[in-house]
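Peer 1:
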Amino acid sequence: MLRLSDPGVREILAKMPDSAPLIGFGAGKKKVSVDLDADSPHLLISAATGGGKSTILRCITCQFIHNGAHAFVLDFKRISHTWARGVPGVTYCRDIGEIHDALIWLAQEGVAVSTGTSRASAWRAMAATC
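In my numbering, the protein residues as written are 285 to 414.
1. Please determine if the stretch 345 to 363 and the stretch 325 to 335 are in contact, where contact requires at least 3 C-beta pairs separated by less than 8 Å.
2. Tell me which residue opens and which closes the beta strand (DSSP E) that Phe417 is part of.
3. For the beta strand (DSSP E) containing Gly373, list its first residue and its last residue.
4. DSSP has Lys361 in a bridge; who is on the other side?
5. Quick one: what's got a C-beta closer than 6 Å to Gly373's C-beta in the same chain, skipping five residues either side?
6. Using only CA atoms, which one of Asp321, Ala368 and Ile296 lies nearest to Leu341?
7. Apart from the five residues on each side of it in sequence, which residues of its chain come closer than 6 Å, Cβ to Cβ, to Tyr376?
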C-alpha cells in the first residue's frame, strides 16, 4: 500500500499534472496514472470485493480536491465513502433522492459544458464515485 509518509511520495504527487492523478506504482516503481485530459476523460475501475476500488477512487478524488476541484461522492451503499462526509469541496450524497438530484445536476452541467454555457470553473476535475 502506498502512503503519503513513504519516502518521495509527496514530492511525486506535487509534480503530477492536475489532470493526471497518481494511482500507484507499477513494476520498477513506475508511476501509474491516466491523464484525463490527454488520454481519456473516463476511467473504469473494476475489481472483486476487497480489491481496492474505493481506495483508488478516494485517492483520485482527494488529488482532484487538493488541486481545487469539487467532487461529488455518490455513496449508495452508505458505508463505502464515509471519509467524504463534511470534507470541504465535496458534495456527499448517500440517500437515493440526493443521488438522483446530484446526477440530474451533473447531467445538466454536462450539457452546459458542451454548449459553452457552464458556470462551473472546475468541471474537468469533478469526480462522481459510487
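We put the beta carbon where it would ideally sit given N, CA and C, even for glycine.
Peer 2: On the basis of the data shown:
1. no
2. No answer is possible for residue 417: it lies beyond the span of the chain, which begins at 285 and ends at 414.
3. Here residue 373 is taken as the residue at index 89 of the sequence shown, counted from 1. Premise fails: Gly373 is in no beta strand (DSSP E) and is neither H nor E.
4. As a first step, residue 361 must be located in the sequence shown, where it is residue number 77. Paired residue(s): none; Lys361 is not in a bridge.
5. Within the sequence shown, the letter at position 89 stands for residue 373. Around Gly373: Ile349 and His354.
6. What you label residue 341 is simply residue 57 of the sequence shown in a count that begins at 1. Among Asp321, Ala368 and Ile296, the Cα nearest to that of Leu341 belongs to Ala368.
7. For this step, residue 376 is matched to residue 92 along the sequence shown. Within the same chain, Tyr376 has close Cβ partners Val357, Ala368 and Arg369.
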